[in-house]
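Numbering-wise (our numbering), the sequence shown opens with residue 1 and increments by one. Backbone N, C-alpha and C fix where the C-beta goes; we use that ideal spot for every residue, glycine too.
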Amino acid sequence: DVIHLNILGQPLVVLNSLRAAVDLLEKRGATYSDRPKFPFFEMIGWYEDLLLVGSSDPAFPALRGIFQNYFAKSTIQQKFGALQANEARKLVKRIFGDPGKWREYLLMYGTAITIQIITGHEIKSLDDVYLRVAEDVGKAMTGSGTPGATGVDFCPWLRYLPSWCDPTGSSAFARKWRFAIENMYSVPYERVAADVEAGTAQPSFILSAMQEMQSQGEGARTLTPERIKGVCAATYAGEQTADSIAIFIFAIVNYPEVQARAQAELDAVVGLDRLPDLANRKNLPYVERIMQETFRFWPTSPLGAPHKSTEDDVYRGMFIPKGSLVLFNAFAISHDESVYADPWRFNPDRYLPREEGGRGEPLPTAHFGFGRRICPGRFLGEASVFLGIATLLHIFRFNKAKDENGEEITGIRTDRTEISRSHPEKILCTITPVSEEKRRLAIEL
């Protein structure tokens, strides 16, 4: 369950089990919570944001503390529940109006929530500047390849030469897509700063951080414009939210019995005349298990962001030298047959205690990472995915598409899997209202 490699002098450790990931990344977090520096990341424009800054950097606890305080689990529903419910309502209305664009509307849903929280800006159309930024960032991340394994990473001097001198194409890719990463950092902050100057700024994370920065003395300042930009860059998770909901749709199209049972639970708890909200979450255990099974069934990030060891270590007789890259294999962890029975089957009941007829299997954790580097925005992201799933299930029925002869199309799926992102590229399905009552509810939204 632990693979140790040496690639051109760089030690690499891949953790393929939950036990190994917890043992190293959580129990020995002081040794394994640092981030490596990759020449390719620097070339494409990544700088030390909340996700990439080294754990030994004095800025790390300050950046993480700011983020965690603003997005604390206990405040998600109170702070952002109404916003998330409103965006879920708009998602349903948009899909009802044009079902063929449901993938674009999923991205709009995930991005709109985070952008309104960090900037105060409301996304109203598919050509919004923030959606374009999110799409470009997604393309840049998807095409970046394995962290530390590009031509520029192996031969850093390539970044100083013309792109045609790099046979791997990594330097050309970095130069082509650098604008996307730069926009990710600069656009939100600069637009809020312009709104502040004009006196039109709305309440937002950036505005709050700006005010905190101004209140700090010059000698004790932990916040700077660059650091605020870096924290905000960590919230560009619109595509991950959209990918998770798309994976859920793929699953229920192929497991219609799961869909029917969830809709019965929603009707009983929420009723027929309104949409679900986060206050209903505690009373929707089956929908909750569907979300958790979606995370396990198909992790959107097969290999999490790399960690780096800061000192020599020995694990189960294996020597791990200082400076090793450490990756956790989220896909292998979530499909470990010693933990999950029939792991390729979408089965939300696997998490039920044995006394309730389930298998008592553990909820998935690898999709959000481990230890000190666990995703700081996981509570907000999870709430957005849950509400998106619950709202779509309450209004729509998702079925397999049919061919010209009326036969269901099965077994057709185009996956897009990269080291940093995995999702179903194409899902053939039909989307219709569950009932006449739900159709009217969608129209009246």
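Is DSSP giving residue i helix, strand or coil here?
| i | result |
| --- | --- |
| Val-14 | strand |
| Val-434 | coil |
| Pro-424 | strand |
| Glu-404 | coil |
| Gly-81 | helix |
| Tyr-340 | coil |
| Phe-328 | strand |
| Arg-447 | Nothing about residue 447 can be reported from this structure: the residues present for the chain run from 1 to 445 only. |
| Leu-445 | coil |
| Tyr-109 | helix |
Near residue i, what residues of its chain come up, given a Cβ to Cβ distance below 6 Å and the 5 sequence neighbours on each side ignored?
| i | result |
| --- | --- |
| Ile-335 | Inspection of the sequence shows that residue 335 is occupied by His rather than by Ile. Closer than 6 Å at the Cβ level, and outside the excluded window around His-335, lie Pro-343. |
| Ser-25 | Here residue 25 turns out to be Leu, not Ser, going by the sequence shown. The residues are Tyr-32, Phe-370, Gly-371. |
| Ala-332 | Asn-16 |
| Met-451 | Past the edges of the chain, shown from 1 to 445, lies residue 451, and the structure says nothing about it. |
Output yes or no for whether 8 Å exceeds the beta carbon distance between residue i and residue j.
| i | j | result |
| --- | --- | --- |
| Glu-3 | Val-231 | The sequence given here places Ile at residue 3; Glu does not occur at that position. In this structure, Val-231 does not lie closer than 8 Å to Ile-3 by Cβ. |
| Asn-280 | Val-14 | no |
| Ala-82 | Asp-136 | no |
| Gly-377 | Ala-234 | yes |
| Ala-174 | Leu-284 | no |
| Pro-11 | Pro-321 | yes |
| Arg-274 | Pro-364 | no |
| Phe-40 | Asp-153 | yes |
Label residue i either buried or exposed according to how many other C-beta atoms from any shown protein chain fall within 10 Å of its C-beta, with 16 as the threshold for buried.
| i | result |
| --- | --- |
| Thr-224 | exposed |
| Thr-404 | Correcting the residue identity first, residue 404 is Glu in this sequence and not Thr. Classification of Glu-404: exposed, given that the 10 Å Cβ count is below 16. |
| Met-108 | buried |
| Gly-199 | exposed |
| Lys-438 | buried |
| Pro-348 | buried |
| Val-192 | buried |
| Met-184 | buried |
| Lys-397 | Checking the sequence shown, residue 397 turns out to be Arg, not Lys. Arg-397 should be labelled buried. |
| Phe-319 | exposed |
Which residue's Cα is closest to the Cα of residue i: the options?
| i | options | result |
| --- | --- | --- |
| Cys-155 | Thr-142, Gly-143, Gly-169 | Gly-169 |
| Ile-431 | Leu-18, Ala-194, Asn-399 | Asn-399 |
| Ser-125 | Lys-90, Asp-153, Val-152, Ile-117 | Lys-90 |
| Thr-467 | Ala-21, Phe-40, Gly-148 | A query on residue 467 cannot be resolved here, the shown segment of the chain reaching from 1 to 445 and no further. |
| Glu-265 | Met-318, Leu-380, Met-184, Leu-393 | Leu-393 |
| Glu-182 | Val-287, Lys-229, Arg-159 | Lys-229 |
| Arg-373 | Pro-36, Leu-5, Leu-8 | Pro-36 |
| Asp-267 | Glu-293, Ser-204, Val-434 | Val-434 |
Please list, in chain order, all residues of the same chain as residue i whose beta carbon is under 8 Å from its beta carbon, the five residues on each side excluded.
| i | result |
| --- | --- |
| Thr-526 | Residue 526 falls outside the range modelled here, since the chain spans only 1 to 445, and no answer is possible. |
| Gln-216 | Thr-222, Leu-223 |
| Val-187 | Val-129, Tyr-130, Val-133 |
| Arg-440 | none |
Can you list, in chain order, the residues of its chain whose CB lies under 7 Å from that of residue i, leaving out five sequence neighbours each side?
| i | result |
| --- | --- |
| Ile-118 | Pro-188, Ser-204, Phe-205, Ile-206, Cys-232, Thr-235 |
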